[in-house]
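Protein chains in written order, with the numbering used here: chain A, 95 to 443; chain B, 95 to 443. We put the beta carbon where it would ideally sit given N, CA and C, even for glycine. If you're wondering where the values come from, they're calculated on a predicted model, not measured in any experiment. Report on the following structure.
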C-alpha cells in the first residue's frame, strides 16, 4: 500500500479537480491510499460527488490555506494548519510516502526543505519537471528551486535526474547534458565552465556534453541540467511559445472561408498531435533529494494531471529512488561533488 | 549616401545569397552603396548574375575566410585579410557606416570590440536581435555577447535597447522589462535583484518591471533585458520550440485522409500566419554601442534577410542612434550605471 497526501486546497481548480484527480487515481490503482488534506467540510462535500472505495481515501483536516501571493517563508512558518504544512508533516512523520500539491511553488519549495528535510548529503533539492519533446519527454533539472547554484549542486542534479529518468520514466542509460550557449567545452558562463569537467568525471552517469536550447525540444538529451533561473526560463518559454504558436495556427486557419473548411477537417488530427506536446500529460515535477517525495503540479492542473502525479509517486516509491540517491551519495563520498559529511540544517537523514 | 560593408563569404548560403541580398538592397534604395567584402573573383562572378546600378556595389578583396568553428580571438588576430577583419576595418576607418555578416558569431563579437571599438563609456556592447511576438517584435538584449554581465551593464543594455526600439523600430516610449522568474521585485537571482532597483531609478526609460519568460512571446515588453546566457537560451529555444511545433502540426495533418484534404485547404493561410512568427523577417541583430554599426544576421540567412539587415543600417544611421547613445551616456555621467570616465581597452571614443 502506498500512501499519498494530496493538497485539496491548492491550485486554480481546487478543491474540485484535486478531489476528482485523487478519486481517478485510487480507482486506477487499488494499492494507493490518498490522504486528502484541506478544510474537512469542503473536501468531504466534494467527495460525495464521486464513487470510490471508501478505505482508499481519507480526509485530513487543515483549516488554513496558503495563497500563491504570500511570501513563502512566512507562510510556512505562520500557517501551521495549512494544507501544505499539514501534508508535508504527514510525509515527515512517515504517515504518507509522498505529498502532491498544485499550490504556491515557493511554499512547496520552502516546506520541502524545512519540513520534509533533505536526504543527508544532498546540498540542494532541485525541482525537476518532465517536458515534452519530439521524441518523448526530457527531465529539466533544476527549474526553479535554487537560483545561483554552485557546480557541486549541478553535479548532484545530474546524478539524481539520471536515477529518476532511468527508474521512474524507464529510459535506459539516460543521456545527461548541461544547458550551454554553444556545443564546445570552452563555451559558457563561469558556472557551466566549472561544472562541465566535473560532469565529465562522473562515471555513474552518461554525460554527453553541452546542449544548446534549440536542441531541447528536439529531444537532444534525456536529463537537461541547468541552474534554476535558466531552467525556469526554459520551462516558461516552452509554454509561452507553444501557446502563442498554437493561437497563431488557429487564427490563421480562421482567416478565409477555404481555410475554415480545412480547419474542420484537420481539427481532430491536430488536437491529438498537440496533446502529445502538452506538458500536463506528464504529471507533476518532483522535488528530488528529500526524505520522502514532494511533487509540485502545475497551478492550473486538472484531474488528469493530479491523477498522473499520484501514480508517479507509486513508481517513485516502488523503484526506491531515495535509496538509490543515498547509495549514489555514499559511493561518491569524499569527492568534491559527492556526499558531504556536514549534517543539513534539520539534522535529518 | 550610406555605405554598408557586407561579408560576402560568411553564412551557410554565401556567397550567392549574400550577393543577392546586397543587390536587392541597392535596387530597393538608391541611397545605399554596398561594399561586398570577399574573394574578388568569386564575388565578381556571382555579381554577374544580377542587374543593378554599377556605382552602387563595389567589391573589396579579402583573401581569407574565418570558419565558424575557429576560436574567435585567434581567428581575428591571425586572419588579417579575412572578410570579417577587412569589413570591420572599413567601418573603423569610416569608409563604411556599417558591416553586415552572417559569419562566425564569435568572430563578429570579438572583432566588433577589438577592431571597430566601443563608444567611450559603453562597458559592454550587447547583441540585440528582434524576436517575433503576438503583437509584433521585441528586442532581446543581450543575447550572447557578454556572459556573466554586471548590473551596470544591464542598465546600459536597457538604455541602448530603448533608443533602438524607439528610433529604429519606431515604438514610442518602449516598455523595458527585465527577464525574471517571478513578477515580484523580490524574486530573482543575485544579478536581477541588484539590477532591478537601478532600472527603477532610470528616468529616461519606461521600465515596467520583471517579465516572466512565458510572457515574452505574448509581447509583454518591447525591450527585454537579460544577461547573455539567458538571452541566448531564449533566442535558441524560440527557434527550437517553434520548429518542433510546426513540424508536429504538419505531420499531424498528414495523419489521415480527412485531415490531408483539410491540410491542402489551410496551407496558404497557415503559411502566411507562420511567416509572421519567423525571426528571419526582421533583419539581423545589431551589436550596439560600437563606433559604427555591426549587424550579425543568422547563419542560414538568405537574400531577404541580408537585404533587410542592410536596410536596417540605413535607419540606424539616419536616426543617429550612436549620437543618441553618446548623449545618454553623457547625461548619466557620474551615476553608478552611466558614463564611466575610464577609457576602454582600445582608447577609442
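Residues that residue i bridges to, as DSSP identifies them
i	result
residue 127(A)	97(A)
residue 351(A)	Answer is none; residue 351(A) lacks a bridge partner.
residue 179(B)	Per DSSP, none; premise fails for residue 179(B).
residue 226(B)	231(B)
residue 300(B)	269(B)
residue 158(B)	176(B)
residue 380(A)	389(A)
residue 345(A)	According to DSSP, residue 345(A) bridges with nothing at all.
residue 152(A)	129(A)
residue 221(A)	381(A)
residue 193(A)	99(A), 388(A)
residue 213(B)	Paired residue(s): none; residue 213(B) is not in a bridge.
residue 306(B)	274(B)
residue 317(A)	233(A), 270(A)
Any chain A beta carbon closer than 8 Å to residue i
i	result
residue 332(B)	yes
residue 372(B)	no
residue 242(B)	yes
residue 435(B)	Legend: pLDDT at residue 435(B) = 36, less than 50; position of this residue unreliable, value from coordinates given subsequently. It does not: the Cβ of residue 435(B) has no partner Cβ on chain A nearer than 8 Å.
residue 225(B)	no
residue 38(B)	No answer is possible for residue 38(B): the residues shown for chain B start at 95 and end at 443.
residue 137(B)	no
residue 251(B)	no
residue 323(B)	yes
residue 335(B)	yes
residue 79(B)	The displayed coordinates of chain B run from 95 to 443. Any statement about residue 79(B) would go beyond what the structure contains.
residue 96(B)	no
residue 108(B)	no
residue 113(B)	no
Proximal chain A residues relative to residue i, where beta-carbon distance stays under 8 Å
i	result
residue 228(B)	338, 341, 342
Within chain A, the residues that residue i reaches when beta carbons sit closer than 9 Å
i	result
residue 352(B)	359, 360, 362, 363
residue 366(B)	346, 349
residue 284(B)	241, 242
residue 104(B)	Here the premise fails: no neighbours, minimum Cβ distance about 17 Å.
Residue i at chain B interface by Cβ criterion, 8 Å
i	result
residue 164(A)	no
residue 299(A)	no
residue 328(A)	yes
residue 442(A)	Any reading at residue 442(A) must be qualified, since the residue scores a pLDDT of 40, below 50, and its modelled position is unreliable; the value itself is stated next. Taking Cβ atoms only, chain B never reaches closer than 8 Å to residue 442(A), which makes this a no.
residue 197(A)	no
residue 432(A)	Bear in mind that a pLDDT of 47 at residue 432(A), under 50, signals an unreliable position, so the number given afterwards is only what the model happens to contain. Output row for residue 432(A): interface = no.
residue 438(A)	Caution applies to residue 438(A), whose pLDDT of 40 falls short of 50 and renders its modelled position unreliable; the model cannot decide the point.
The ligand HEM heavy atom lying under 7 Å from the CB of residue i
i	result
residue 319(B)	You won't find the ligand HEM in this model; it holds no ligand whatsoever.
Chain-ordered chain C contacts of residue i [CB-CB under 7 Å]
i	result
residue 273(A)	The structure shown has no chain C; the protein chains it does contain are A and B.
Partners in chain B for residue i, counting only beta-carbon separations shorter than 8 Å
i	result
residue 355(A)	356, 359
The stretch 122-135 of chain A touching the stretch 224-240 of chain A, judged by at least three CB pairs closer than 8 Å: no
Under 8 Å (Cβ pairs) to chain A, residues found in the stretch 301-315 of chain B: 306, 307, 308, 309, 310, 311, 312
contact_flag[the stretch 348-364 of chain A, the stretch 298-318 of chain B] where n(CB pairs < 8 Å) is 3 or more: no
Segment contact flag, the stretch 230-249 of chain B with the stretch 411-419 of chain B, C-beta cutoff 8 Å, min 3 pairs: no
Touch test, the stretch 197-206 of chain B against the stretch 156-165 of chain B, Cβ-Cβ under 8 Å, three pairs minimum: yes
At least 3 beta-carbon pairs within less than 8 Å: the stretch 324-332 of chain B vs the stretch 310-325 of chain A: yes
Segment contact flag, the stretch 97-115 of chain B with the stretch 167-182 of chain B, C-beta cutoff 8 Å, min 3 pairs: yes
Residues within the stretch 257-273 of chain A neighbouring chain B, beta-carbon criterion of under 7 Å: 273
Cβ contact check for the stretch 137-150 of chain B and the stretch 114-123 of chain B: 3 or more pairs under 8 Å: yes
Touch test, the stretch 353-364 of chain B against the stretch 333-348 of chain A, Cβ-Cβ under 8 Å, three pairs minimum: yes
Touching by the beta-carbon criterion (3+ pairs, under 8 Å), the stretch 237-246 of chain B and the stretch 256-266 of chain B: no
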